[in-house]
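Participant: One line per chain: the protein sequences are Y and F, in this order. With the UniProt record's numbering applied, the first sequence corresponds to residues 1 to 419, in that order. With the UniProt record's numbering applied, the second sequence corresponds to residues 1 to 419, in that order. Where is the CB? At the ideal position from N, CA and C, for every residue including glycine.
Number of protein chains: 2
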Amino acid sequence: MVERRTPIPVAEAIERVMRYAGVGEEETVPLRQSYGRYLAEDLRADHDVPPFDRSPYDGFAIRAADSEGAGLDHPVEFEVIETIGAGQVAKQPVGPFQAVRLMTGAQIPEGCDAVVMLELAKQYERDGKTYMSIKRSFRPGDNISFQGEDAKKGQPLIEKGTRINPGVAALLATFGYAEVKVAKRPRIGIFATGSELLDVSEPLVPGKIRNSNAYMIEAQVLKSGAEPIYFGQLADDLEACFHAVREALDQVDMLITTGGVSVGDFDYLPAIYERLGANVLFNKIAMRPGSVTTVAEWNGKLLFGLSGNPSACYVGYELFVRPVVRTRLFSTKPHLKKAKATLGADFPKPNPFTRFVRSRVEAVDGRLIVKPVGMDKSNIVTSLAFANALMVLPGGTRGFAVGDEVDVWLLDDDEGSSE
Amino acid sequence: MVERRTPIPVAEAIERVMRYAGVGEEETVPLRQSYGRYLAEDLRADHDVPPFDRSPYDGFAIRAADSEGAGLDHPVEFEVIETIGAGQVAKQPVGPFQAVRLMTGAQIPEGCDAVVMLELAKQYERDGKTYMSIKRSFRPGDNISFQGEDAKKGQPLIEKGTRINPGVAALLATFGYAEVKVAKRPRIGIFATGSELLDVSEPLVPGKIRNSNAYMIEAQVLKSGAEPIYFGQLADDLEACFHAVREALDQVDMLITTGGVSVGDFDYLPAIYERLGANVLFNKIAMRPGSVTTVAEWNGKLLFGLSGNPSACYVGYELFVRPVVRTRLFSTKPHLKKAKATLGADFPKPNPFTRFVRSRVEAVDGRLIVKPVGMDKSNIVTSLAFANALMVLPGGTRGFAVGDEVDVWLLDDDEGSSE
């Protein structure tokens, strides 16, 4: 018998899954190993930035008051009493008509309140002493980076859940985070199902195809920030399947099966869910592809039954698994980033259900243009490789034409969306 | 004395560097470890896709000719002689008014040339035999995915130099690439210089700041697809510096120093280049920030002398080092991806030289809008963390205003640009 299933809207399916998204765990890693991980706590300034008044230029520190009256015909002379590099501190306070030669980044010497850029001063020796003169006046504060003007000690700078990119790494170093609290990567178990599947290293035989979904999903798991654990292919035997799934669940935070969730006759997954006593959240969604996606929950762990069709499997991961992963990575924007784009090609098919079209978004003259990839049959196989967005066409719409504005969900934007 | 330097245009600086970009090397990794690596050879179909005529639906395979004349009032009956799952092959050829029940993905049995979708057929038993009937006719080819319609054996599908994303991983698996030839990650040595630098784990002391550039650059190296090797901080001694640089060069494909390349008095790098006999490609560029960037070449290895200023250092990496890395990863689009965007905030500063402004690009109603990050002084310190683009303002221009169209170079787009 064909099992009856009641489709629910995509938004409701996502909402039902997110109720069980759970919370993340944290771990500590050395800063040098933190690139690409997600912050488990807000990054705060542990000191004022700059930590002291400093010079943004190579030049001379002076007391601005001494420069009063300087002009093209009235140079004012200063005795250069010391030279300090970045990281050095002046040995003595600076008095009237004295100056300190200093490098970019050096601390402003006591008594000084302005910096003269090197190229505005004329330096010379006289009687074994060093002097410099200037032909314009300076005001207190000129060319000084003041302590705390970039950030005050204790100020939160970056929210937890943010991915550590090179700029964040620089901030972590600046603020002394030799060790960084990051989100633990959720462990995601993966089973492939389908008696038609050959391993990647097996030669082709009639009627069979190689298992590609497992490798695709592993890459999606890594891309989303989690850790894949591949358990191999489920056997064609209910008893063996049940025990394999039951044992895998103890080792992972969530579990994905690909394939075997169609309305076909040979699907064991509903029986496995029942025997586990799992709470099936839904088993049909009003969407294409991926309508037969099933998600169940068991002891707080999610079981994702993704379609065996590669495109449906791909979309299922991005819509339902990714936001759970990102929530565990402390993101408040766990969903794919959303944008509007202009259709760059006709899409004449009607859409009885919400349709997710593998697409490519390009910026052309500052506007986002979206085109489906794999419209030509010859490209179907490569469409996922070239897609950087899902074009989302609402159910109940007829075809769309060049120039129409459509919604796109971006696959390669790491920032995400809160809903 | 202050060394005299002659600035060259940005485009010329990039061109001079790219002359020494060199060529990549390849290595073989298991498919499972290939995510995020770059293909070292074109990915080709090793077989037709689909590899045989197959059914895209659950249903019944028939001979279309037998359905002729079927209609709402004239059902045509077929005997169901066999049931095959995906991966199975029919045991016998199909004769007139016979059908085979088959699952999505199953091979079309010999003799059949159309598939009836499950929901269009009525199935029943009679006298111990299984039958199904249909009330419409089918044409030859209906609901069949033909062998080779997605890809022909031998057809190149993905260019070398492409990053392995989940879709590419799926293709590699489909075509039996259990091992994948990928580009070796270039090894990039990193030295920090600057007597003002403290290690990230050291407490702050007057006049000093923590070394953040080394960690930032390491993350940029990883992001661009290369392997960083940090050699620590160069000592304040020319002889020791020279030997450290000379020894490091034997262990890496290229070398980065950050800091110590200013026109300040304490810079040893020009002396080191001279003693090495390195060919200095340029030591000043007509750009902000990063005008004092120096690049030299020694025995085919590039030495990048990036500024100690974090923003200049960051920009220097993306403009000069990244395209070299990507060339070694076999990309034909090694440079940052370029786009046009509309300014979302005034930028009143004049631009005597080409200016690269740390910016954030967002798609708003399908248009790219760019805003500088870190315009407010309080954000300077976090500007690199939030930037996803460099806004490029040509030298010789006055300020720009809201609504102006400007060039942006995208920092997070992996695809890149050929120039």
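1) Mapping DSSP to helix, strand and coil, what is residue 421/F?
2) With DSSP as the reference, label L411/Y as helix, strand or coil.
3) If you run the structure through DSSP and keep just helix, strand and coil, what is F386/F?
4) Against residue 420/F, what residues of chain Y qualify as contacts under a CB-to-CB distance less than 9 Å, listed in chain order?
5) I'd like to check one pair, W298/Y with A271/Y: are the Cβ atoms closer than 9 Å?
6) Helix, strand or coil for N309/F, going by three-state DSSP, please let me know.
7) For R328/Y, write down the residues that DSSP places opposite it in a beta bridge.
8) Nearest-angstrom Cα distance between P146/F and I62/F?
9) Spell out whether any CB of chain F is found under 9 Å from the CB atom of Q220/Y.
10) Comparing C-alpha positions only, which one of Y38/Y, Y230/Y, A151/Y and H74/Y sits nearest to S224/Y?
11) For P96/F, which residues of its own chain have a beta-carbon under 8 Å away from its beta-carbon, when the five flanking residues on both sides are left out?
12) Consult DSSP for F320/Y and reduce its assignment to one of helix, strand or coil.
13) Entirely within the region 278-308 of chain Y and at least 3 residues each: give me those beta strand (DSSP E) ranges in chain order.
14) For P47/Y, is the classification buried or exposed, using 16 other Cβ atoms within 10 angstroms of its Cβ as the cut-off for buried?
15) Thinking C-beta only, is E149/F closer than 9 Å to M51/F?
16) Within the 9 Å Cβ cut-off, does M287/Y reach chain F?
17) Can you list, in chain order, the residues of its chain whose CB lies under 6 Å from that of V221/Y, leaving out five sequence neighbours each side?
18) Quick one: give me the first and last residue of the alpha helix (DSSP H) that L102/F is part of.
19) Show which residues of chain F have a CB atom less than 9 Å away from the CB atom of P310/Y.
20) In chain Y, what lies closer than 9 Å to E125/F by C-beta?
21) Would you kindly work out how many angstroms separate the C-alpha atoms of D267/Y and M216/F, rounded to a whole number?
22) Can at least three beta-carbon pairs, one atom from the region 17-32 of chain F and one from the region 318-331 of chain F, be found at a separation below 8 Å?
23) Pick helix, strand or coil for N351/Y, following the three-state DSSP scheme.
24) Is K223/Y helix, strand or coil when you go by DSSP?
25) Can you pull the DSSP bridge partners for T28/Y?
26) Under 8 Å: do the region 195-214 of chain F and the region 284-301 of chain F share three or more Cβ pairs, one atom per stretch?
27) Counting only the same chain and skipping the five closest in sequence on each side, list residues whose C-beta sits under 7 Å from that of L157/F.
28) Looking at chain Y, which residues of the region 18-39 of chain F have a Cβ within less than 8 Å of any of its Cβ atoms?
29) When you compare each of L384/Y, K181/Y, S212/Y and E179/Y to G194/Y by their alpha carbons, which one comes out closest?
30) Looking only at its chain, what residues have a beta carbon closer than 7 Å to the beta carbon of E68/Y, apart from the 5 residues adjacent to it on each side?
31) Which residues, taken in chain order from the region 344-369 of chain F, show a beta carbon closer than 8 Å to some beta carbon of chain Y?
32) Mind checking which residues open and close the beta strand (DSSP E) that includes Y124/Y?
33) Does residue 455/Y come out as helix, strand or coil in the three-state DSSP assignment?
34) Should V295/Y go down as buried or exposed, given a rule of 16 or more other Cβ atoms within 10 Å for buried?
35) How would you write the range of the beta strand (DSSP E) that V370/F sits in, first residue to last?
36) Inspect the beta-carbon positions of F347/Y and L393/Y and report whether they are closer than 9 Å.
Facilitator: Quick answer:
1) The displayed coordinates of chain F run from 1 to 419. Any statement about residue 421/F would go beyond what the structure contains.
2) Sequence index remark: in the first sequence, residue 411/Y carries index 411 (1-based). Three-state DSSP puts L411/Y in coil, outside helix and strand.
3) Reading the second sequence from its first residue, position 386 is the one you call residue 386/F. If DSSP states are grouped into helix, strand and coil, F386/F belongs with the helices.
4) Since the displayed chain F opens at 1 and closes at 419, residue 420/F lies outside it and no answer follows.
5) As a working note, residue 271/Y is residue 271 in the first sequence. As a working note, residue 298/Y is residue 298 in the first sequence. Contact: no.
6) Position 309 of the second sequence holds residue 309/F. N309/F falls in the coil class under three-state DSSP.
7) As a working mapping, residue 328/Y is identified with position 328 in the first sequence. In DSSP, R328/Y forms no bridge with anything.
8) Translated into positions along the second sequence, residue 146/F becomes position 146. Translated into positions along the second sequence, residue 62/F becomes position 62. In the sequence as presented, Pro is not what sits at residue 146/F; that position holds Phe. Looking at the two C-alpha atoms, the distance is approximately 15 Å.
9) For the purposes of this step, residue 220/Y is taken as residue 220 along the first sequence, with counting starting at 1. Yes, contact with chain F.
10) Counted from its first residue, the first sequence places residue 224/Y at position 224. Nearest option by C-alpha distance: Y38/Y.
11) On the second sequence, position 96 is the one that residue 96/F refers to. So the list reads R63 and D66, once near-sequence residues are dropped.
12) As a first step, residue 320/Y must be located in the first sequence, where it is residue number 320. It is helical.
13) 279-282, 294-298 and 301-306
14) The residue labelled residue 47/Y in the question sits at position 47 within the first sequence. In the sequence as presented, Pro is not what sits at residue 47/Y; that position holds His. Here H47/Y is buried, its C-beta having at least 16 other C-beta atoms within 10 Å.
15) Counting from 1 along the second sequence, the entry for residue 51/F is found at position 51. Counting from 1 along the second sequence, the entry for residue 149/F is found at position 149. It should be pointed out that residue 51/F corresponds to Pro in this sequence rather than to Met. Contact: no.
16) Working through the first sequence from its first residue, we reach residue 287/Y at position 287. False, the Cβ-Cβ gap to chain F never drops below 9 Å.
17) As a working mapping, residue 221/Y is identified with position 221 in the first sequence. Only I188 and P228 meet the Cβ criterion.
18) For the purposes of this step, residue 102/F is taken as the residue at position 102 of the second sequence. No alpha helix (DSSP H) holds L102/F; the beta strand (DSSP E) holding it covers Q98 to L102.
19) Residue 310/Y sits at position 310 when you count from the first residue of the first sequence. Ordered by position in chain F, the residues that pass the 9 Å Cβ test against P310/Y are G167, A170 and T174.
20) The residue given as residue 125/F occupies position 125 in the second sequence. Ordered by position in chain Y, no residue passes the 9 Å Cβ test against E125/F, which lies about 13 Å from the chain.
21) Position 267 of the first sequence, counted from the start, is the residue given in the question as residue 267/Y. Position 216 of the second sequence, counted from the start, is the residue given in the question as residue 216/F. Using only the alpha carbons, I get a separation of about 50 Å.
22) yes
23) Position 351 of the first sequence, counted from the first residue, corresponds to residue 351/Y. N351/Y: strand per DSSP, three-state reduction.
24) Start at 1 with the first residue of the first sequence, and residue 223/Y comes out as number 223. DSSP places K223/Y in helix when its eight states are reduced to three.
25) Within the first sequence, residue 28/Y is the residue found at index 28, counting from 1. In the DSSP output, where bridge partners are listed per residue, T28/Y has K181/Y.
26) Result no; under three Cβ-Cβ pairs closer than 8 Å.
27) Residue numbering aside, residue 157/F sits at position 157 when the second sequence is read from its first letter. Same-chain partners within the cutoff: L43, R44, A45, A151 and L171.
28) L31, R32, Y35 and G36
29) Position 194 of the first sequence holds residue 194/Y. Minimum Cα distance to G194/Y is reached at S212/Y.
30) Translated into the one-based positions of the first sequence, residue 68/Y becomes position 68. Contacts found: S137.
31) A363, D365, G366, R367 and L368
32) Taking the first sequence and counting its residues from 1, one reaches residue 124/Y at position 124. Its beta strand (DSSP E) spans residues K122 to R126.
33) Residue 455/Y cannot be examined here, being either before or after the span of chain Y that is shown, 1 to 419.
34) Counting from one through the first sequence, the residue named residue 295/Y turns up at place 295. Buried, because 16 or more other Cβ atoms sit within 10 Å of the Cβ of V295/Y.
35) Looking up residue 370/F in the second sequence gives position 370. Segment R367 to P372, the beta strand (DSSP E) holding V370/F.
36) Within the first sequence, the letter at position 347 stands for residue 347/Y. Within the first sequence, the letter at position 393 stands for residue 393/Y. A contact, by the Cβ cut-off of 9 Å.
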